[in-house]
Structures are given as structure tokens and as C-alpha cells.
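Below is one structure, written out as C-alpha cells; the observations come after it.
2 protein chains.
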Amino acid sequence: MSANAFRSFEREGVFRPTVFIEAPRLGERLGVKLLLASETFQHTGSFKFRAAYHLAASVPESFILAASSGNFGQALACACARLGKRCLVVMPHDSAAAKVEAVRAYGGAVELTDTSKVSRQERVEQLAREHPHARVASAYDDPLVIAGNATLGRELAARADDFDLVVAPIGGGGLTAGLITGLRAAGRATPVIAAEPLLANDAARSLRAGRIVANDHEPPTLADGARVLCVGRHNWAVLQPSLAGIVEVSEAHIAEGVRLLFTLANLKAEPTGALSLGALLAEPERFRGRSVCCVVSGGNVDAATFRALLQG
Amino acid sequence: MSANAFRSFEREGVFRPTVFIEAPRLGERLGVKLLLASETFQHTGSFKFRAAYHLAASVPESFILAASSGNFGQALACACARLGKRCLVVMPHDSAAAKVEAVRAYGGAVELTDTSKVSRQERVEQLAREHPHARVASAYDDPLVIAGNATLGRELAARADDFDLVVAPIGGGGLTAGLITGLRAAGRATPVIAAEPLLANDAARSLRAGRIVANDHEPPTLADGARVLCVGRHNWAVLQPSLAGIVEVSEAHIAEGVRLLFTLANLKAEPTGALSLGALLAEPERFRGRSVCCVVSGGNVDAATFRALLQG
């Protein structure tokens, strides 16, 4: 992929621009000047559409396979529908009905797999052997994913005079790697700090160890978009030299982030999307008095979960 | 006020642009092509800031009195703070603490009045006699309010090729009168349909009667922004000849509108803000197959109320 390719998507209006929201009451509560960059209104409700579309548009294959229980599946289905391609998303058999329905609503095929018998990744590999002309897409470890997410970095770059630093969620690392890539391509040195669930702190441990460290199992954090074993190696190559730090966020601070966004910024965020707010709650002294752009990565959370989060 | 005055506010970036959200899944559910125009991220979380700022900036008085239990109070407090003016907002003594706190957070003074002894309007009149140099502001019956809200109409006019008609909530009528004024000033004949709670259907009855008809008492609708006795006479002068119709919306459809915006558009709306969605649910045949712009007028709803709405 070339820089021209993603500039062309931007020109064509493929991606919805991120929604910037100045949040003075919320910022006052947190002791910062706060700008939110919300991807909750992106196509399919999360930043994942940027990566999925960029990938689906850039590969020659017309059939794409992926394992996803969440936002990437919806994003890929929507992207393929727009591009006249097909996709098959492998999801755990006990996925929430709403998530399965969402992938199908965007025109994606779904295969439910009993993950106690065969892992999703194994099942995708089986399918890849059955469909040798298919492309297997990774939700977070592919240069095309970084390039897609870099379009958000370029949008932040255009507003970068308004803030000192960017805080964004980290799971597999595709978002933060994309933000750094996009900001630097636009000539901006703005520091990017990642916000990671304490329960799934493999990226923080990796940064301390100087090499990729994996979780033993998929961590049971509220932030389901960060339930990964480890950062992708393509992302790591960007993140290790360039990330300005990682804040580890407790489950309580993730939930409090969801509530504060709801109450003081009228924003519906999914728990993963509230990680950046949670980082400001976790280490207030690190951010106090600064101008911070918090990326809210997505808004896809079902009503029952959200009700429980609001109750606290 | 002149057309130049509000163009100048727009130029200065006083108002945040409305957030347009294409909502294909929600539109599909409702059988329409749907564009949302969300004022939930406007300063103070509702369109009322447009009217409040325009009024506060246009009058010579530096002290403004108003009765408001809701969004207008916050909006006026915020507008006055920005303009270096003072305001006093009279609120019922049993107002939700969060609403009182919000007015104070924006720098407004609050007087709590026992409305079983003296109505808020009477108390404002008493205060006006005590403060002869103060301006008494109406939340919805003043040409300056219409002109302020017309700035939203002008924003819709710039996108009017994308939809056949506009649906917006009606309470006192300031929003719909402003939308019509702004659209027509920009040369757009786009029809505007009002969405009114069935429990508070004075505007619908007024349109049928050909004169302003009032409710006997403040109606107990979920849509607290529409709890008024009747439309303002300045608004009526705009609405009677120009409004394309009024849809009366049940409480169940208001609540369903809140849930659908949450689930299929990631939008946190207050019940009044969901009235336009409720109108599409109430009269689906009227809208089926059309391109509709639904104005979501505000997002200020507390967590407990929202949790109850999500439960259904």
C-alpha cells in the first residue's frame, strides 16, 4: 500500500471523519483541557472500519476470512459489502446474538465455532486450506491495518495544535501504531500514550521487557476489544521505538470512564473506548494541566452491559 | 436582530456545528434513508445554547432572569459566562440535583422556588420588579430565540440535498420555528414536520383549531423539554402557515426512540431528543421510503432515567 492509497480513500469520503468533541466539564473534572476524538459514529461504530476497508480494498482476493468476536467482524462485513467482495467471519458459538446479527446485517457470512473443541484461529486455518484463493485477514497484525488506522492519525494531525498529547486504547496495537504512523507522516511529533487494561497488560510488560510478552490466556477484561494474547509484531515495530508510554487501567477506572463520558460528555462509549478516559483517572498527576486528546475507539456495547456499567 | 448578526456568530465559531450522522441500520429498521442531526454535543448538550447565546449577546442588559428546569437554564448560564454577563435561573425546589449542579457548573446563579406556593413565572416576575434593569428571557417565545435556532436551520439547509424532509421535536415551538426560518432564509423549501408527545399535544390541537390552544397543566410526558402549556405566539406566527404537519408520539414510542438511537446509532439522546425518531415509529407509512433528517435536540438525561429507558 502507498500513502497515495489512503489519501485517495480520504478524498473519496470512504471513512467518516472522526467526531471531535470539546468536553470542558469532563476536562475540569479530570484536571485537563480535554478534546475527545470519537470513532463511535464511524461506519459500524468503531475505528476498525478504517483498517478493515483499507485491507479489503488493497488485497486482490475477493473472498476474505477472519476470526473476530467483535468490531472487526462487523467492519469487515461492511467493507466487503461496499467493495463487492465476500467475507466469512468465524465467531465463538457463544457470541452475543447482537454481535452475530450485526455481522449478518452488514452482509457478512458467519460461522459459529465451538471454541472448547477448536480455537477460532485453528478453524480459520482449516478454512484457509479449504479456500486457497481466500485472504486471511488479521484484525491487528498487518501493515494494511496500520495504514488504515493511520487515516485517523492524519485527522488528529490536522488538529494537533489543539493538544499536547494523544491517549488511545491498546489491545493488539493496531490503533496506536496507526496513530503514530499517521501523525508522523503528517510531520507531527505529538506523543501517543496507550491505555491498556491492567488485567490484559501484555503490552506494558512487553515495553518493560523490550520484547513481545504474551498473556497466558485471553484476559477477562471489560474492555473486550483488548482481549488479545499479545501485540502484533508489525505494530510492535512501530510502537517499541515510538510509544510515549502505557498506562495500565483498572476495571473500576474503565467503568468510571464509561460513566463520565455518558454523564459529562453525552457520549455512549464501549468499555474499550473508555480506556483513554480510564488512563486519566488512573494516573491523574501524569496528565494534570495538560491538553489531552482522548481517542474513544468505539461505541458498540449492548443495553444490558451498559445498564450495569451505569449502575456502577 | 439582523441576519448579519447570526451569520457573525457562525463565523466566529460560537456554536458547535451540529453532528450529522448517517444511520443506515436504524434507517433500514424504520424503512427510511435516515440522517441524524445531533445537537447532543452542542455546548451544554442541547440546541438551547443557540437561542440562549443569541439572546444574551443581542440584548443590552448585563443581567438576565429566566425560569427553567432544564436545558435553557444551563445554556443561558454558559452563554452569560462567555459574554461576561450574569444570570439568575429560577428552578423548582424539587429539581434534580444534577440539573441544579449543571447550571451552577456553568457559572449561573440558581434560586430554588417552592412551586406549590408560587409558580416559577410569578417568581420571575417578582424578581423582575426587584431588578428593573434585568432582562427577562423566555426559553421559547422571543424572536431572538427563533433567530438563534435558525442557525441550525441554516446548517440543515447546507445539507438539504440529502433529504426530503426534516422532523424535529416541538414543545414551545422555538426549535421548529427556528428551523423553518433558517431553511427559508437559505432558500430551501424543505418541509419541516414536528414531533410532539401525545400527552402534551397542544401544538397539534392548535394546528387543528387554527389558534393557540393550551394544556390545562404541565403534562407529565417523559419528554421533559416538551412540558409546556402552549406554543409561544412568536413561534406560532411562523409555524401556523409553514409547518408541514405534527405527529403525536406516545410515551412508548418516545422510549423506543431512545433505545433505537442507543442500539443502532450509538447515540445517547434525552427523551425529548428522541421525539423525532418516535414520530417515525408512530406513523411509519407517512415516512416509508423517504429521505428523512431527524433532529436530535439534546442528550441531557441522567443515568438512572436512562437505565430505566434501556430496560423498556
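Line order of the protein sequences matches chains A and B. Numbers given in the numbering used here equal positions in the first sequence, counted from 1, plus 88. Numbers given in the numbering used here equal positions in the second sequence, counted from 1, plus 88. Note that CB positions come from ideal geometry on N, CA and C, so glycine has one too.
The C-beta of Arg395(A) comes closer than 7 angstroms to at least one C-beta of chain B. Within the stretch 318-370 of chain A, the complete alpha helix (DSSP H) runs of at least 4 residues fall at 321-330, 339-353 and 363-370. Judged by pairs of C-beta atoms under 8 angstroms, the stretch 359-371 of chain B touches the stretch 254-262 of chain B, as three or more such pairs exist. Restricting attention to Gly366(B), Val120(B) and Val326(B), the CA atom closest to the CA of Leu295(B) is found in Val326(B). For the C-beta of Arg113(A), the chain B residues within less than 7 angstroms are, from N- to C-terminus, Ala193. For the stretch 318-352 of chain B, the set of positions with a beta-carbon nearer than 8 angstroms to some beta-carbon of chain A reads Arg347, Phe350 and Thr351 in chain order. In the three-state scheme derived from DSSP, where H, G and I count as helix and E and B as strand, Glu373(B) is classed as helix. Among the residues of chain A, those whose CB is under 7 angstroms from the CB of Gly387(B) are Asn354, following chain order. For Ala144(A), there is no enclosing beta strand (DSSP E); the enclosing alpha helix (DSSP H) covers residues Lys136 to Ser146. Secondary structure at Arg247(A): coil, using DSSP grouped into helix, strand and coil.
Taking C-beta atoms as the reference points, Gly377(A) and Val337(A) fail to come closer than 7 angstroms. Gln130(B) counts as buried, since at least 16 other C-beta atoms from the protein chains shown sit within 10 angstroms of its C-beta.
For the pair of segments examined, the stretch 367-374 of chain A was found to touch the stretch 332-351 of chain A: the number of CB pairs separated by less than 8 angstroms reaches three. Within the same chain, and ignoring the five residues on either side of Val107(B) in sequence, the residues whose Cβ sits closer than 7 angstroms to its Cβ are Ser126 and Phe129. With a cutoff of 7 angstroms on beta-carbon distance, Ser150(B) and Lys173(B) are scored as near each other. Cβ-Cβ distances below 7 angstroms link Asp250(A) to Leu123 and Ser379 in the same chain, with the five nearest sequence neighbours on each side left out; the list follows chain order. Looking at the backbone, the Cα of Asp304(A) and that of Leu317(A) are separated by about 7 angstroms. Leu153(B) places its beta carbon less than 7 angstroms from that of Ala222(B). Within the stretch 120-145 of chain B, those residues whose Cβ lies closer than 8 angstroms to any Cβ of chain A are, in chain order, Thr128, Phe129 and Gly133.
Below 8 angstroms, too few C-beta pairs join the stretch 267-277 of chain A and the stretch 131-143 of chain A to call them touching: fewer than three.
Neighbours of Leu398(B) in chain A, taken as residues whose beta carbon is under 9 angstroms from its own, are Ala391, Ala392, Phe394, Arg395 and Leu398 in chain order. Val301(B) has its alpha-carbon roughly 58 angstroms from the corresponding atom of Pro180(A). Proximity of Val107(B) to chain A, defined by a Cβ-Cβ separation below 7 angstroms, is satisfied. A buried status is given to Ala265(A), since no fewer than 16 other beta-carbon atoms sit within 10 Å of its beta-carbon.
Comparing C-alpha distances from Asp312(B) to each of Ile342(B), Arg170(B) and Ala291(B) shows the shortest one belongs to Ile342(B). Put simply, of Arg321(A), Arg293(A), Lys356(A) and Ile281(A) the residue whose alpha carbon is nearest the alpha carbon of Leu331(A) is Ile281(A). The beta carbon of Ser157(A) lies closer than 6 angstroms to those of Met179, Pro180 and Ser183 in the same chain, with the five residues before and after it left out.
Between Gly196(B) and the set Arg347(B), Leu171(B), Asp290(B) and Thr269(B), the nearest pair of CA atoms involves Leu171(B). Residue pairing from DSSP places Arg174(B) in a beta bridge opposite Phe151(B). The Cβ atoms of Cys175(B) and Cys166(B) lie no closer than 7 angstroms to each other. Only buried fits Asp290(B), as 16 or more other CB atoms lie within 10 angstroms of its CB.
Cβ neighbours of Ala186(B) within its own chain (closer than 8 angstroms, five residues either side excluded): Asp390. A Cβ-Cβ contact shorter than 7 angstroms links Gly270(A) with Gly241(A).
Sixteen is the threshold: since fewer than 16 other Cβ atoms of the shown chains lie within 10 Å of the Cβ of Gln214(A), the residue is exposed.
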